[in-house]
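Worksheet: the structure to be examined is printed underneath.
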């Protein structure tokens, strides 16, 4: 008894593996599947994600940024050129250990293209193998620095004009790509439906041709038709059989095309069904034009390319001459003790104007 059950179970399992899965897939389900797991939909989504993070990077440039930079440590054992009070030069042995660190809060100014920074820094130097020499600390508890190009191109201002247009273009392109996926799914789905219907018609034609040929053979035996007429009917039956094979091949191709596009397994067999007639809202010319201008990426693409062309012209003009302003002010202190370097502070100011003319 157990042996019979075991053999029966193996037989059922073999049947299950031999038959491919078949599912009835409506047009709406096919569209949803294509939007979720087709390669075209995945490519469109990845392009949108790339544009999103590029836009986030641009937005991050407009926000304050906290930076730390330092040299930990800076060991020196060399000779440096030094000018004495009498005007003579000589080389002095430099054997020291230095460390420095700076914390700054930087803010880009999109209106002018400059950068405003608030910083705090500390420097430390300790002579090595030099009897009587002491370590020193120099601190800048607070300082403000402005870096401002005067006649150069304002890159951040141009990005502020271009990047939002680029991102809206990417969003519109994604919507367009999704609709292309929908349109392609509908096309493949109805091609499968048409292939099934053509195969059904080919089956009927072959059955009719075979039936007519059988009747013709009986009539030929009775002498009611000629041999030529019988051969013509046989040729028609052969053509019907050939057409059936061709339509079966077309059905397999249409099935493979839709299945591959939807990302389904090759073992899945799709049973398509004629969709119900849907009611679509009536939209006039004005409404269609408004939707096209709102969702079509073409207009945004033209606008972005125009802005990028203007940006390139501005860059070319800005490269003719470069004048930059650097200004820094704050308080500083120095002492042999760490704590004392933050007392008895003195103010400092630095102003520099750089010029570059190609």
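Residue numbers (the working numbering): 142 to 499. Glycine is no exception: its CB is placed at the ideal position from the N, C-alpha and C atoms.
Residue i (DSSP reduced to helix, strand or coil)
| i | result |
| --- | --- |
| residue 165 | strand |
| residue 499 | coil |
| residue 438 | helix |
| residue 260 | strand |
| residue 267 | strand |
| residue 490 | strand |
| residue 245 | strand |
| residue 172 | helix |
| residue 160 | At residue 160 the pLDDT is 34, less than 50, meaning the model places this residue with poor confidence and gives no usable figure here. |
| residue 368 | helix |
| residue 482 | helix |
| residue 293 | coil |
| residue 154 | At residue 154 the pLDDT is 40, less than 50, meaning the model places this residue with poor confidence; the figure from the coordinates comes in the next sentence. Residue 154 falls in the helix class under three-state DSSP. |
| residue 274 | coil |
| residue 460 | coil |
| residue 146 | Reliability fails at residue 146, whose pLDDT of 41 lies under 50, so the model's placement of it is uncertain and no value is given. |
Residue interval of the beta strand (DSSP E) (run including residue i)
| i | result |
| --- | --- |
| residue 198 | Careful: residue 198 lies outside any beta strand (DSSP E), inside the alpha helix (DSSP H) at 180–202. |
| residue 253 | It is not in any beta strand (DSSP E) - residue 253 carries neither H nor E in the DSSP assignment. |
| residue 280 | 277–290 |
| residue 465 | 463–476 |
Residue i burial status per 10 Å Cβ neighbour count (16 or more: buried)
| i | result |
| --- | --- |
| residue 246 | exposed |
| residue 260 | buried |
| residue 489 | exposed |
| residue 413 | buried |
| residue 370 | exposed |
| residue 394 | exposed |
| residue 228 | exposed |
| residue 363 | exposed |
| residue 445 | buried |
| residue 237 | buried |
| residue 345 | exposed |
| residue 322 | buried |
| residue 123 | The requested residue 123 does not occur in the structure, where the chain is confined to residues 142 to 499. |
| residue 461 | exposed |
| residue 333 | buried |
| residue 426 | exposed |
| residue 479 | exposed |
| residue 264 | buried |
| residue 222 | exposed |
Unbroken alpha helix (DSSP H) run spanning residue i, endpoints
| i | result |
| --- | --- |
| residue 315 | 296–362 |
Chain-order list of residues whose beta-carbon lies under 7 Å from that of residue i (same chain, five-residue window excluded)
| i | result |
| --- | --- |
| residue 438 | 310, 313, 314 and 317 |
| residue 354 | 374, 375 and 378 |
| residue 366 | 357 and 360 |
| residue 216 | 238 |
| residue 392 | 336, 337 and 340 |
| residue 234 | 220 |
| residue 249 | 202, 203, 256 and 297 |
| residue 231 | 223 and 225 |
Same chain only: Cβ atoms within 8 Å of residue i, ignoring 5 sequence neighbours per side
| i | result |
| --- | --- |
| residue 472 | 281, 282, 283, 284, 486, 487, 488 and 489 |
| residue 195 | 304, 307 and 308 |
| residue 254 | 289, 290, 293, 294, 295, 296, 297 and 298 |
| residue 349 | 381 |
Other residues of its chain near residue i: CB distance less than 6 Å, five sequence neighbours each side excluded
| i | result |
| --- | --- |
| residue 207 | 246 |
| residue 268 | 237 and 274 |
| residue 382 | 347 |
| residue 475 | 279 and 482 |
| residue 185 | 315 and 318 |
| residue 398 | 329 |
Test: residue i CB closer than 9 Å to a CB of chain B
| i | result |
| --- | --- |
| residue 350 | The chain inventory of the structure shown lacks chain B, comprising one protein chain alone. |
*Would you list, in sequence order, the uninterrupted beta strand (DSSP E) runs of no fewer than 3 residues that lie entirely inside the stretch 386–426?*
410–413
*Which residue spans inside the stretch 201–243 form an unbroken beta strand (DSSP E) run of at least 3?*
The qualifying runs are 206–224.
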